[in-house]
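With the UniProt record's numbering applied, the sequence shown covers 1 to 276.
Structure first, then comments.
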Amino acid sequence: MENLEQRLACLLLTPPVLVDPYLVPQPIPIELPYKPTPRLVPPALPGVPVDLALIDSPLNGVELGRDVDFIPMAGDWFENGRFFSIKTPNSEANDGNSGTEASCRKVINFYMQLLYHRSQNQPEEEQKRPLPRIAVLSTFFYAKLVSNIGGGYSGVRRWSRQLKLLDQDLVLIPIHDRGMHWCLACIDFRSKTITYYDSMGSPNNRCLQSLKSYLEEECKDKKGHPLLDSDSWKLVNTEDSVPQQMNGSDCGVFMCTYGEFLSRNARFTFSQVSQL
């Protein structure tokens with residue numbers, strides 16, 4: 001009996017144990033708190049000094065989606081920080097462009113356009129110009145020139161009216177050889193040479209002859225007289241005397257790099273290793 005009373009006394013003196021509030025299950029709210037994911041805004045692309053007046057004038061009187069076969073310059077510009085391009089439905093249908101090829105054309109056209117604007121943003125005096133004056137033609141140009149349907153000089157006659165090709169030092173022309181391989185053709189008015197640059201070392205006499213014929217027709221049409229010293233012009237296949245690619249996928253990069261070095265009057269000092 002005494003032990004029982006002592007035990008009861010100890011229980012009365014022991015402070016009560018509070019329930020841990022962290023162990024009590026909290027009721028699940030009917031509506032869970034929603035925190036919207038912040039929207040990522042892409043960085044603004046740098047502007048390029050482009051004469052935006054050239055965008056509207058070449059397409060006056062032409063219905064987009066019907067008979068568009070004319071691409072002024074390279075067909076691609078920056079406007080208000082956004083990249084856009086003029087589509088050519090006829091050319092795309094004839095070439096059968098895949099998504100990858102269309103993306104390659106956009107990149108090549110845009111890069112060539114950068115070279116063009118850099119060369120034109122120079123002093124007028126020849127002695128003060130550090131770089132040669134160049135013009136670039138679209139990736140669709142050569143395919144249209146040699147096309148059996150609507151091709152020939154008449155098919156590309158308007159493509160150069162904004163460029164004044166005959167007043168430049170160099171003209172760079174991307175060539176999509178057989179729809180599989182990118183090469184570069186260069187018309188050099190200073191040395192009277194048309195050169196074909198292939199990163200896999202293949203010649204292309206047909207391309208050189210076609211561009212020579214185009215140049216003769218262009219001179220008659222724009223200047224009103226035959227090409228001066230036409231017989232003295234040289235047609236050159238560089239073959240493997242220029243840097244060569246070591247795989248089957250870098251032809252577009254090599255083609256753009258050829259253009260970069262030519263537009264700077266620089267010797268080719270790059271290789272497959274330096275492109276990695």
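Note that beta-carbon positions come from the ideal geometry of N, C-alpha and C, so glycine has one too.
Remember, it's a predicted structure, so these values are computed and weren't measured experimentally.
Okay, do the region 123–136 and the region 162–172 touch, 3+ Cβ pairs below 8 Å being the bar?
The region 123–136 is in contact with the region 162–172.
Tell me which residue opens and which closes the beta strand (DSSP E) that V136 is part of.
Start and end: 134–136.
Helix, strand or coil, according to DSSP, for L262 in the structure here?
DSSP, reduced to helix, strand and coil, places L262 within a helical segment of the structure shown.
List the residues that DSSP assigns as beta-bridge partners of P226.
P226 pairs with nothing; no bridge assigned.
Of the residues W182, I175, S199, S191, which one's Cα is nearest the Cα of Y243?
Sequence inspection shows Pro at residue 243; the Tyr mentioned does not correspond to that position. Each of W182, I175, S199, S191 was checked against the Cα of P243, and the nearest Cα belongs to S199.
Sequence-distant residues of its chain with Cβ nearer than 8 Å to R267 (five each side left out):
Answer for R267: F261, listed in chain order.
Identify the continuous alpha helix (DSSP H) that holds L145 and give its terminal residues.
Per DSSP, L145 belongs to the alpha helix (DSSP H) from 141–145.
So F141 and I173 are supposed to be a Cβ contact under 8 Å. How far apart are they, rounded?
So it is a contact: roughly 6 Å between Cβ atoms.
Could you give the residue range of the alpha helix (DSSP H) that holds V242?
For V242, no alpha helix (DSSP H) run applies, since DSSP gives it neither H nor E.
Contact under 9 Å by Cβ, L114 with Y214:
The answer is no: Cβ separation not under 9 Å.
Following the continuous beta strand (DSSP E) through R235, name the residue where it begins and the one where it ends.
Before going on, a small fix: residue 235 reads as Leu here, not Arg. DSSP places L235 in the uninterrupted beta strand (DSSP E) bounded by 234–237.
Where do the ends of the alpha helix (DSSP H) carrying G152 lie?
Note, G152: alpha helix (DSSP H), 152–156.
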